[in-house]
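Here is the structure we will look at.
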Amino acid sequence: CDDAPTGGTFEQRVADLDTLLADAVRSELEADVPLGTQLSGGIDSGVVTAMAAQAREAQVRTFTVFFRGRAADERPEARQVAERYGAEIHEIELVADRFVDLLPDLTWHLDEPMNHPNSAALYGLCKEAKRDVTVLLSGDGPDELLGGYERHGTALRTLAVSDRVPGALRSAFRRLPRLRLQGRGEPLERALRGDRDELLLQSSAYVMPWEVAALGLRGDAVGES
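Okay, so the sequence shown: first residue is 319 according to my numbering, each after it adds one.
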């Protein structure tokens with residue numbers, strides 16, 4: 319938000335983030351309809367559930383979608399959070415046949431081909447949760463905001479490499495025409511040119527600038543400069 323505090327120590331920033339998150343969750347709880355949380359085994363939805371339970375007198379309802387099989391079943395971790403905060407537990411199984419049945423409706427709602435299988439799981443969860451609640455709080459988004467994906471780490475490591483290049487060389491490199499590199503070379507070129515914001519934004523993209531160029535589309539549509 320525009321009035322969010324800046325500066326200070328790492329510990330102060332952690333405390334500020336905790337306050338902002340708690341305020342955001344508390345504001346979403348001001349509803350005259352039944353509500354709950356989407357609870358996976360991850361940190362993000364666990365934090366939202368914990369804060370909702372601490373801010374709400376009534377018992378929080380949690381909804382967890384799962385697939386059979388150890389690799390994809392996050393119920394043990396979700397139960398741990400729900401039980402710790404006295405939340406009501408709802409577990410929704412998504413089986414293979416049902417997954418396929420969801421695809422036509424899901425594609426229609428997305429208005430585009432599905433780019434992530436989690437979309438089907440969330441859609442199935444929401445359809446079932448609608449029987450009990452009208453509002454669902456989720457933990458989607460923090461990875462993008464806080465750089466929680468491996469691709470964000472790759473971007474930061476690329477910046478670290480470019481920072482070791484002497485400033486005079488980086489200045490000279492910026493005066494050269496763009497090399498139009500592809501693959502791993504393209505992010506490094508951005509870093510050396512000082513395009514830090516574009517590099518971090520590109521780390522969340524599904525289609526790279528050179529792939530757009532290969533389709534004959536304008537590069538500036540995806541942040542080329």
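We treat Cβ as the ideally placed atom computed from N, Cα and C, and that holds for glycine. All figures in this text were calculated on a predicted structure; none of them were measured in a lab.
> Would the beta-carbon of A439 fall within 9 Å of that of G354?
Replying inline: Taking the first residue of the sequence shown as position 1, residue 439 is located at position 121. Taking the first residue of the sequence shown as position 1, residue 354 is located at position 36. No.
> Thinking just about the alpha-carbon of each residue, which of A370, G360, D336 is nearest to the one in A349?
Replying inline: Indexing the sequence shown from 1 puts residue 349 at position 31. Ranking A370, G360, D336 by Cα distance to A349 puts A370 first.
> Between S358 and E392, is the Cβ-Cβ spacing less than 9 Å?
Replying inline: Taking the sequence shown and counting its residues from 1, one reaches residue 358 at position 40. Taking the sequence shown and counting its residues from 1, one reaches residue 392 at position 74. The answer is yes: Cβ separation under 9 Å.
> What alpha helix (DSSP H) runs, 4 residues minimum, are completely inside the stretch 463-521?
Replying inline: 468-481, 485-492, 503-511, 514-520
> When we look at the beta-carbon of H408 and count the other beta-carbons within 10 Å, is it buried (16 or more) or exposed?
Replying inline: Along the sequence shown, read from residue 1 onward, the residue named residue 408 stands at position 90. Per the 10 Å Cβ criterion, buried.
> Around the Cβ of A400, are there at least 16 other Cβ atoms within 10 angstroms (buried) or fewer (exposed)?
Replying inline: Residue mapping note: residue 400 aligns to position 82 of the sequence shown, counting from 1. Label assigned to A400: buried.
>> Tell me the DSSP secondary structure of E411 in three-state form.
In response: Numbered from its first residue, the sequence shown carries residue 411 at position 93. Strand, per DSSP.
> Does the distance from the CB of G404 to the CB of V378 come in under 9 Å?
Replying inline: The count along the sequence shown starts at 1 and reaches residue 404 at position 86. The count along the sequence shown starts at 1 and reaches residue 378 at position 60. The answer is yes: Cβ separation under 9 Å.
> What does a CB cutoff of less than 6 Å around G326 pick up in its chain, not counting 5 residues either side in sequence?
Replying inline: For this step, residue 326 is matched to residue 8 along the sequence shown. So the list is empty, once near-sequence residues are dropped.
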